[in-house]
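Student: So the sequence shown is numbered by my numbering: it starts at 1275 and just counts up by one. I am attaching a structure below and will ask some questions about it afterwards.
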Amino acid sequence: MKLVPDDRTRGSRREGRRLFRLIAFSAVLVLLPTLASAETRGRSTLGEPGVRGGVVTTSEPAAAEAGAEILRQGGNAIDAASAVAFALNVVEPQSSGIGGGGFMMIHLARERETFVIDSRETTPAAGSPDMFLDSDGDPFDFSIRSTSGIGAGVPGMVRGIELAQENWGDLSFAEILQPAIELAEKGFRVSSRLEDSIAGALGTNGRLANEPGDPAYEEARAVFAPGGVGLVQNQLLIQPDLARTLRALADEGPDAFYSGPIAEAIVATQQNGRTTGVPAADQPLLQGRMTLQDLAGYSAAVRDPVEGDYRGFRIVSMPPPSSGGLTVIYILKALERFPIGDAEAGFGFGSTRTLNVMMEAMRLAFADRAVWMGDDDFVDVPARGLISDGYIATRSALIDPDSRQANVVADDPRPFDSAGLPPKVQLAATRENPDEGLNTTHFTIVDSDGNIVTYTNTIESGWGTGLMVPGWGFLLNNELTDFNRVPAFNPDPDNFNPGANDAAPGKRPRSSMSPTMVFKGGRPVAAYGSPGGSTIINSVVNTTLNLIDHERSVQEAIDAPRISQTSANFSPTFEAGFDLEVIQELIDLGHNLADSRLRVIGSVQAVVIGKGRTQFGGADRRRIGAVISLERSGSRGDKDDDD
Ligand code: GLU
């Protein structure tokens, strides 16, 4: 099977695979909140020293150890990331796994190339823009469509890892699966976070509480809440069904997922849907439409990132079908004319002016995101126009540091898009999806050669659909709920509305996932990303400002409280830790923060590369983030040192 499109010139590492390598690493495992090694070795702002043997940062300690073990065995960052992704399916099953998909951004140090493996789920061939509507033409509630087969997209993770690993990994597919197989077979101690997540999912409307007695929904309950009692911290969780699946992948290769008994079981599982509270006539509409042909036909894609400049740094981020990269770069560029880091100018971290301009830029960007962004394999996304200097200047000019725009609407970037279509007269913004999940996982790895992977992976909501494939032990995603629930396309040429994020056969739902790398002088200096639905974009923006404008260390940049607004006029949120007088001043300006819940926004895992190619990791205490820093006491066999 041909994995890399013909027009790709980037070289596969596979031919040059290194056979022997002498490696002697010693590992420092740092579990937060004891805090990361970076802190004990001095500050780790962009440009300061650290380790050089590789760093693994994940939201889950056992998965970090899986990645570090692969680095110790001589695997590179791509191998380690692949191992972490499979391990997370075992130890953080509520957030990501082989029943879902994601975006893996890769930087190859020797080739100086940066690209993304897109393993986003696709819509079955029988999908349609109106697939989430009931027989009256009204959308099924999120709680119904997201827990029925109709929400499940064709899973992409296994093909994505195959594509990355076959071409740019150093170890075999079977080798990178070993840590996950061991964790599933021998078991692991349930973490506090998994305990909390299980307990939450067993509550009212929780993913593990649906359709009591229905075998389709009992499967996951039997694993995580045997006898109806949720697992608690330190209990040993062994997952024999998942282990069997992972072993099948190791023995037979990735095709074992996309055809044969596992594929047949996936198709059968997504034919289940919710029945409680759903009229009998509507119940068939909730059955998934995925077929064996959809699974056999799934392919991951290699994509070029989107890029933009911010204060002398090059921001490289996730292109469509994610809205993430374009929206992150848009917000940063709209902020660039303000002295964000300068407290004397009334800005600085957490000041009224800084938080005001951040929210104003987010509002403008999210207004345009709602109209223009979707899967550009299917719709014209005016990507260049959206982040062009000219268009951003017109948008940023609307921001006043000392007031709030009364009403923000989308504008038309197409005149600034060299590949654009002629502008039309009116724009109708699609409604933001208020139901996007707040789960997912992000991890970042750098190896001793300086290869970097920053990878956001998801099954959409926590626990996905809640449908676990019987006998195979993995959860199916509900990613298709990221599409417009009601089709937005309007054929009236005077009421231009492209329906950029309407569902269509083969189409990928618009994502917010934003794996991001920052370059200076052509070299990577930071890599990070976050989970959190559309707040992902703002977690990445907050982290970027903290690193670049506020000159925080990587861990400080992660720890600092975040602010987020994910639509033109609604839904601002902020975390505890800001000065409440500042929040009151923002309320006085008109920001609707009085009703905003103090909440947790995102979970950022980051690596910073300092001078001399030294490496620092930071992980988020909002979950149970872990950093493993590897001290190099030997050297990788045929390492190219281009210093
Ligand atoms: N499905 C979401 C996206 O692709 C991710 C879910 C989440 O992070 O909660 O943007």
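No residue lacks a Cβ here, since even glycine has one placed at the ideal position from N, Cα and C. On a predicted model such as this, the values are computed, not experimentally measured, just so you know.
Alpha carbon to alpha carbon, how far is residue 1755 from residue 1554? Give it in angstroms, no decimals.
Tutor: Residue mapping note: residue 1554 aligns to position 280 of the sequence shown, counting from 1. Residue mapping note: residue 1755 aligns to position 481 of the sequence shown, counting from 1. Rounded to whole angstroms, residue 1554 to residue 1755 spans 22 Å at the Cα level.
Student: Which class does residue 1778 belong to by DSSP, given the choice of helix, strand or coil?
Tutor: Your numbering for residue 1778 matches position 504 in the sequence shown. Three-state DSSP puts residue 1778 in coil, outside helix and strand.
Student: Determine which residues share a DSSP beta bridge with residue 1381 and list them.
Tutor: Position 107 of the sequence shown holds residue 1381. According to DSSP, which records beta bridges pairwise, residue 1381 is partnered with 1388 and 1726.
Student: Output yes or no for whether 9 Å exceeds the beta carbon distance between residue 1745 and residue 1813.
Tutor: As a position in the sequence shown, residue 1745 is number 471, starting the count at 1. As a position in the sequence shown, residue 1813 is number 539, starting the count at 1. No, these two residues do not count as a Cβ contact at 9 Å.
Student: For residue 1484, I'd like the list of residues in its chain whose CB is within less than 6 Å of its CB, leaving aside the five on either flank, ordered along the chain.
Tutor: Along the sequence shown, one-based indexing puts residue 1484 at 210. Excluding positions up to five away in sequence, the list reads 1421, 1491 and 1740.
Student: For residue 1510, count neighbouring Cβ atoms within 10 angstroms of its own Cβ and tell me buried if that reaches 16, exposed if not.
Tutor: Residue 1510 sits at position 236 when you count from the first residue of the sequence shown. Exposed: under 16 other Cβ atoms inside 10 Å.
Student: Can you list, in chain order, the stretches of the beta strand (DSSP E) that have 3 or more residues and sit fully within the region 1850-1913?
Tutor: Complete beta strand (DSSP E) runs here, min 3: 1879-1883, 1889-1892 and 1900-1906.
Student: When DSSP labels each residue in this structure, what does residue 1342 get in the three-state scheme?
Tutor: Indexing the sequence shown from 1 puts residue 1342 at position 68. Reduced to three states, the DSSP call for residue 1342 is helix.
Student: Say the cut is 8 Å; is the CB of residue 1379 nearer than that to a heavy atom of the ligand GLU?
Tutor: Here residue 1379 refers to the residue found at position 105 when the sequence shown is read from its first residue. For the ligand GLU, not one heavy atom lies less than 8 Å from the Cβ of residue 1379.
Student: Once DSSP output is grouped into helix, strand and coil, what is the label at residue 1508?
Tutor: Numbered from 1 along the sequence shown, position 234 holds the residue referred to as residue 1508. Coil, per DSSP.
Student: Could you give the distance in angstroms between the alpha-carbon of residue 1359 and the alpha-carbon of residue 1583?
Tutor: The residue labelled residue 1359 in the question sits at position 85 within the sequence shown. The residue labelled residue 1583 in the question sits at position 309 within the sequence shown. Near 30 Å, if we compare the C-alpha coordinates of residue 1583 and residue 1359.
Student: May I ask you to report which of helix, strand or coil DSSP gives residue 1668?
Tutor: Position 394 of the sequence shown, counting from 1, holds the residue named residue 1668. Residue state, collapsed to three classes: helix.
Student: Could you tell me if residue 1567 is buried or exposed, where buried requires 16 or more neighbouring beta carbons within 10 angstroms of its beta carbon?
Tutor: Your numbering for residue 1567 matches position 293 in the sequence shown. Exposed, since its Cβ has fewer than 16 Cβ neighbours within 10 Å.
Student: Which same chain residues, not among the five before or five after residue 1448, have their C-beta less than 7 Å away from its C-beta?
Tutor: In the sequence shown, residue 1448 corresponds to position 174, counting from 1. The residues are 1524.
Student: Sorry if obvious, but does the Cβ on residue 1963 come closer than 8 Å to a heavy atom of the ligand GLU?
Tutor: The requested residue 1963 does not occur in the structure, where the chain is confined to residues 1275 to 1917.
Student: Just tell me which of 1884, 1690, 1506 and 1639 has its CA closest to the CA of residue 1801.
Tutor: Walking along the sequence shown from the start, residue 1801 turns up at place 527. When only C-alpha atoms are compared, the closest one is 1884.
Student: Tell me whether residue 1431, by its Cβ, gets closer than 8 Å to a heavy atom of the ligand GLU.
Tutor: As a working mapping, residue 1431 is identified with position 157 in the sequence shown. No, the beta carbon of residue 1431 sits no closer than 8 Å to any heavy atom of the ligand GLU.
Student: What does DSSP give as the partner residues of residue 1565 in its beta bridges?
Tutor: Taking the first residue of the sequence shown as position 1, residue 1565 is located at position 291. Answer is none; residue 1565 lacks a bridge partner.
Student: Cβ of residue 1405 versus every heavy atom of the ligand GLU: is any distance shorter than 8 Å?
Tutor: As a working note, residue 1405 is residue 131 in the sequence shown. No; taking the cut-off as 8 Å, the Cβ of residue 1405 has no heavy atom of the ligand GLU nearer than that.
Student: In terms of residues, what are the limits of the beta strand (DSSP E) holding residue 1587?
Tutor: Against the sequence shown, residue 1587 aligns to sequence position 313. 1587-1591 is the span of the beta strand (DSSP E), which, as asked, contains residue 1587.
Student: So for residue 1638, helix, strand or coil by DSSP?
Tutor: In the sequence shown, the residue the question calls residue 1638 occupies position 364. Here residue 1638 sits in helix by DSSP.
Student: Using DSSP bridges, identify the partner residues of residue 1798.
Tutor: Taking the sequence shown and counting its residues from 1, the one referred to as residue 1798 is at position 524. Per DSSP, 1793.
Student: Touch check for the region 1447-1464 and the region 1578-1594: three-plus C-beta pairs under 8 Å?
Tutor: Because the criterion of three Cβ pairs below 8 Å is not met, the region 1447-1464 and the region 1578-1594 do not touch.
Student: Exposed or buried, which one is residue 1724 when buried takes at least 16 other CB atoms within 10 Å?
Tutor: Taking the sequence shown and counting its residues from 1, one reaches residue 1724 at position 450. Looking at its Cβ environment, which holds 16 or more other Cβ atoms inside 10 Å, residue 1724 is buried.
Student: In three-state DSSP terms, what is residue 1678?
Tutor: Counting from 1 along the sequence shown, the entry for residue 1678 is found at position 404. The answer is coil: DSSP assigns residue 1678 none of H, G, I, E or B.
Student: Which same chain residues end up closer than 7 Å to residue 1343 when comparing Cβ atoms and leaving out the 5 residues on each side of it in sequence?
Tutor: Taking the first residue of the sequence shown as 1, we reach residue 1343 at position 69. Same-chain partners within the cutoff: 1453.
Student: Quick check on the burial criterion: 16 or more other C-beta atoms within 10 angstroms. Buried or exposed for residue 1569?
Tutor: Position 295 of the sequence shown, counting from 1, holds the residue named residue 1569. Classification for residue 1569: buried.
Student: Taking the alpha carbon of residue 1722 as the point to measure from, which residue in 1471, 1890, 1340 and 1522 has its own alpha carbon closest?
Tutor: Locating residue 1722 in the sequence shown gives position 448, where the first residue counts as 1. Of the candidates 1471, 1890, 1340 and 1522, the one whose C-alpha sits nearest the C-alpha of residue 1722 is 1890.
Student: Since residue 1467 is in the alpha helix (DSSP H), which residue starts that stretch and which ends it?
Tutor: For this step, residue 1467 is matched to residue 193 along the sequence shown. Segment 1466-1475, the alpha helix (DSSP H) holding residue 1467.
Student: Distance check for residue 1552 and residue 1899, CA to CA, integer angstroms please.
Tutor: Residue mapping note: residue 1899 aligns to position 625 of the sequence shown, counting from 1. Residue mapping note: residue 1552 aligns to position 278 of the sequence shown, counting from 1. In a straight line, the C-alpha of residue 1899 is about 40 Å away from that of residue 1552.
Student: Quick check on residue 1453: does DSSP put it in helix, strand or coil?
Tutor: Here residue 1453 is taken as the residue at index 179 of the sequence shown, counted from 1. Residue 1453: helix per DSSP, three-state reduction.
Student: Could you check whether the Cβ of residue 1807 sits closer than 8 Å to any heavy atom belonging to the ligand HEM?
Tutor: Looking at this structure, you won't find the ligand HEM anywhere; what it does contain is the ligand GLU.
Student: Can you look up residue 1484 in the DSSP assignment and give me helix, strand or coil?
Tutor: Locating residue 1484 in the sequence shown gives position 210, where the first residue counts as 1. In the structure shown, residue 1484 sits in coil (DSSP, three-state: anything other than H, G, I, E or B).
Student: So residue 1419 is in the alpha helix (DSSP H); what residue range does that whole segment cover?
Tutor: Your numbering for residue 1419 matches position 145 in the sequence shown. Unbroken alpha helix (DSSP H) run through residue 1419: 1416-1419.
Student: Report yes if the CB atom of residue 1718 is closer than 9 Å to the CB atom of residue 1880, and no otherwise.
Tutor: Along the sequence shown, read from residue 1 onward, the residue named residue 1718 stands at position 444. Along the sequence shown, read from residue 1 onward, the residue named residue 1880 stands at position 606. Contact: yes.
Student: Given a cut-off of 9 Å on the beta-carbon distance, is the pair residue 1646 and residue 1629 in contact?
Tutor: Within the sequence shown, residue 1646 is the residue found at index 372, counting from 1. Within the sequence shown, residue 1629 is the residue found at index 355, counting from 1. Contact: no.
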